[in-house]
Amino acid sequence: MGMLEPQFFELPTLELTEKLLGKIFVHVLPGNVQLKGRIVETEAYSGTGDEACHAWRGKTARNRIMFQKPGTLYVYFTYGNHFMLNIVSEPENIAGAVLIRAMEPVEGLQFMQEQRGTTLTTNLMSGPGKLTRALAIDTKSNGKNLFNDEFFLENAPSLEENEIGTTTRVGISKSRELLWRKFILNNPHVSKGRVT
DNA sequence: AGCGTGATCTTT
DNA sequence: AAGATCACGCTG
Numbered sequence: 634m635g636m637l638e639p640q641f642f643e644l645p646t647l648e649l650t651e652k653l654l655g656k657i658f659v660h661v662l663p664g665n666v667q668l669k670g671r672i673v674e675t676e677a678y679s680g681t682g683d684e685a686c687h688a689w690r691g692k693t694a695r696n697r698i699m700f701q702k703p704g705t706l707y708v709y710f711t712y713g714n715h716f717m718l719n720i721v722s723e724p725e726n727i728a729g730a731v732l733i734r735a736m737e738p739v740e741g742l743q744f745m746q747e748q749r750g751t752t753l754t755t756n757l758m759s760g761p762g763k764l765t766r767a768l769a770i771d772t773k774s775n776g777k778n779l780f781n782d783e784f785f786l787e788n789a790p791s792l793e794e795n796e797i798g799t800t801t802r803v804g805i806s807k808s809r810e811l812l813w814r815k816f817i818l819n820n821p822h823v824s825k826g827r828v829t
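Note that the working numbering has the first sequence beginning at 634, numbered continuously upward.
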């Protein structure tokens with residue numbers, strides 16, 4: 634299956650949040666080291682009305698990437714330790730993004746194990762801070778897009794509705810009622826204790 | 001269940 | 001300028 638094209642990302646954020654499940658995220662390091670993970674857990678963050686979205690009050694120095702074209706990477710630093718990986722959604726000048734919360738390791742396991750200091754595959758990428766560490770992603774990648782040979786998504790079949798779980802989002806204090814978290818049911822690589 | 005760790009944003 | 005918050009992960 635080939636690389637996903639820009640048109641794939643032209644969907645409402647919540648729809649894209651589902652469509653990204655099962656797709657293969659690829660980061661190619663210098664020396665042609667290929668790191669690949671299958672996306673198994675995502676969350677939608679979108680514009681006005683969602684107070685948990687960084688951009689709900691408008692554009693700032695940090696969130697400006699959320700206003701760029703769909704398929705752009707929005708990476709930010711939080712809790713003094715962790716980088717969060719998002720894929721921008723919505724047309725240019727409208728804020729939206731999908732937080733990638735967990736992946737299933739597919740290629741580059743040895744590199745990931747060294748990065749993470751563990752060998753247990755269900756612990757390598759089972760959280761948003763874990764997966765950026767495993768994939769060697771930090772704010773240097775903020776603003777890059779998924780249409781080049783460093784970062785891209787490999788296509789894969791979409792999930793059936795009955796294979797997808799839906800809940801409220803994790804770790805937020807505002808807009809807690811929105812059912813904007815999507816994940817692959819019964820997949821052991823979703824973030825800890827949240828497989829169903 | 002508690003805490004580290006530092007950028008970002010709000011309030012003074 | 002100071003204080004609060006934070007789309008988390010690890011130890012205990």
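Ideal placement from N, C-alpha and C gives every residue a C-beta, glycine not left out.
If you draw a 10 Å sphere on the C-beta of R809, you find fewer than 16 other C-beta atoms in it, and that means exposed. For T681 and G776, the gap between their C-alpha atoms comes out near 22 angstroms.
In the DSSP annotation of this structure, the continuous segment of the alpha helix (DSSP H) that includes E747 starts and ends at L742 to R749. As DSSP reads the structure, I672 sits in a beta bridge with M736. Residue nearest to Q667 within the set E684, G741, T675 and E638 is G741 (criterion: CA-CA distance). Per DSSP, the beta-bridge partners of H660 are L668 and F784.
By the 16-neighbour rule on beta-carbons within 10 angstroms, E648 is exposed. The Cβ neighbour count for K773, taken over all protein chains shown within 10 Å, is under 16; the residue is labelled exposed. G798 and G664 have their alpha carbons spaced roughly 38 angstroms apart.
Residue ranges of uninterrupted beta strand (DSSP E) with 3 or more members, entirely inside the region 686-712 and ordered along the chain, are 706-711.
8 angstroms or more divides the Cβ of L779 from the Cβ of I817. Within the model, the alpha-carbon separation for S759 versus A688 is close to 26 angstroms.
Around the CB of Y712, fewer than 16 other CB atoms lie within 10 Å, so the residue is classed as exposed.
In the three-state DSSP reduction, T755 falls in the helix class (H, G or I).
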